[in-house]
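S.K.: Residue numbers (our numbering): 25 to 245.
By construction, the Cβ of each residue, glycine as well, lies at the ideal position given by its N, Cα and C atoms.
Remember, it's a predicted structure, so these values are computed and weren't measured experimentally.
1. Taking 8 Å as the threshold (C-beta atoms), are residue 245 and residue 226 in contact?
2. With distances taken Cα to Cα, identify the nearest neighbour of residue 48 among 115, 236 and 217.
3. Assuming residue 129 and residue 81 make a contact with CB atoms under 8 Å, what is their CB distance in whole Å?
4. Out of curiosity, what's the CA-to-CA distance linking residue 52 and residue 142?
5. By alpha-carbon positions, which one of 30, 91 and 58 ends up nearest to residue 212?
6. Is the stretch 97 to 112 touching the stretch 156 to 176 in the sense that three or more CB pairs, one from each, lie closer than 8 Å?
7. Rank 223, 214, 222 and 220 by C-alpha distance to the C-alpha of residue 241 and give the top, closest one.
8. Taking the alpha-carbon positions, what's the residue 133 to residue 220 distance?
9. So for residue 154, helix, strand or coil by DSSP?
10. What ranges does the alpha helix (DSSP H) occupy inside the stretch 42 to 88, keeping only unbroken runs of at least 4 residues that lie completely in it?
11. Determine the burial state of residue 107: buried for a count of at least 16 other Cβ atoms within 10 Å of its Cβ, exposed for fewer.
12. Out of curiosity, what's the CA-to-CA distance linking residue 150 and residue 65?
13. Please list the terminal residues of the continuous alpha helix (DSSP H) segment that includes residue 129.
14. With contact counted as at least three CB pairs below 8 Å, one residue from each stretch, are the stretch 165 to 175 and the stretch 190 to 204 in contact?
15. Using three-state DSSP, classify residue 94 as helix, strand or coil.
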């Protein structure tokens, strides 16, 4: 049966109370810097049962000057920045090399929350990238060793052969290096926290950094 997209969209609800709880958020009680609040919200999303809360939409700018976006995994967040990883030779890797500035968007519908992070991106030292890779699963290492991300694929069979060889390599040598694997750090200039409200009076708290000083302001929803 062919579904009518518009009819299907009209059947959907946002923040269904059966699965979503909209907690109160008082921006006056927010910390002076965004990282502690992000850590708190992330832990609360995990506790609330949010599926894959560590996934985030990464937005970059292509060679044509147009935006590009995809979902990646958060590898960490600390004083050095929000971390994610990819191949330097991938599309996003090439884009970040040409324009080292990006945005991350986290969305946790179970709590009606969104966090937006924007700022310059730098590459961590290679040893840190390899250590981060080796701390992950065998499958993650095999995927990194398969390489050639974003290149044109001739056939599914070609991928299967390369993946099988990479899995064998990863099992045989759990510390194998992936030469192009890169750990990126986004050091934010701006972080926005969005808390949904049932009456649509959403709270938006925006942090802005100048040098090492953070200031906050509220935004209209």
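M.R.: Let me spell this out:
1. Locating residue 226 in the chain shown gives position 202, counting from the first residue. Locating residue 245 in the chain shown gives position 221, counting from the first residue. Contact: yes.
2. As a working note, residue 48 is residue 24 in the chain shown. Taking residue 48 as reference, the option from 115, 236 and 217 with the minimal CA-CA separation is 217.
3. Here residue 129 refers to the residue found at position 105 of the chain shown. Here residue 81 refers to the residue found at position 57 of the chain shown. Between residue 81 and residue 129 the Cβ distance is about 4 Å, and since that is below 8 Å, they are a contact.
4. Taking the chain shown and counting its residues from 1, the one referred to as residue 52 is at position 28. Taking the chain shown and counting its residues from 1, the one referred to as residue 142 is at position 118. Cα-Cα distance, rounded: 23 Å.
5. Start at 1 with the first residue of the chain shown, and residue 212 comes out as number 188. The option with the nearest alpha carbon to residue 212 is 58.
6. Contact holds: three or more Cβ-Cβ distances are below 8 Å.
7. Residue numbering aside, residue 241 sits at position 217 when the chain shown is read from its first letter. Considering only alpha carbons, the answer is 214.
8. The residue given as residue 133 occupies position 109 in the chain shown. The residue given as residue 220 occupies position 196 in the chain shown. So the alpha carbons of these two residues sit roughly 9 Å apart.
9. Within the chain shown, numbered from 1, the residue matching residue 154 stands at position 130. In this structure, residue 154 counts as helix in the three-state DSSP scheme.
10. Here the runs fully enclosed are 58 to 71.
11. Position 83 of the chain shown, counted from the first residue, corresponds to residue 107. Buried, by the Cβ-count rule.
12. Here residue 150 corresponds to residue number 126 of the chain shown, with the count starting at 1. Here residue 65 corresponds to residue number 41 of the chain shown, with the count starting at 1. Taking the Cα positions, residue 150 is about 30 Å away from residue 65.
13. Stepping through the chain shown from its first residue, residue 129 is reached at position 105. Per DSSP, residue 129 belongs to no alpha helix (DSSP H); it is in the beta strand (DSSP E), 125 to 132.
14. Counting Cβ pairs under 8 Å, three or more are found: they touch.
15. Taking the chain shown and counting its residues from 1, one reaches residue 94 at position 70. Three-state DSSP puts residue 94 in a strand.
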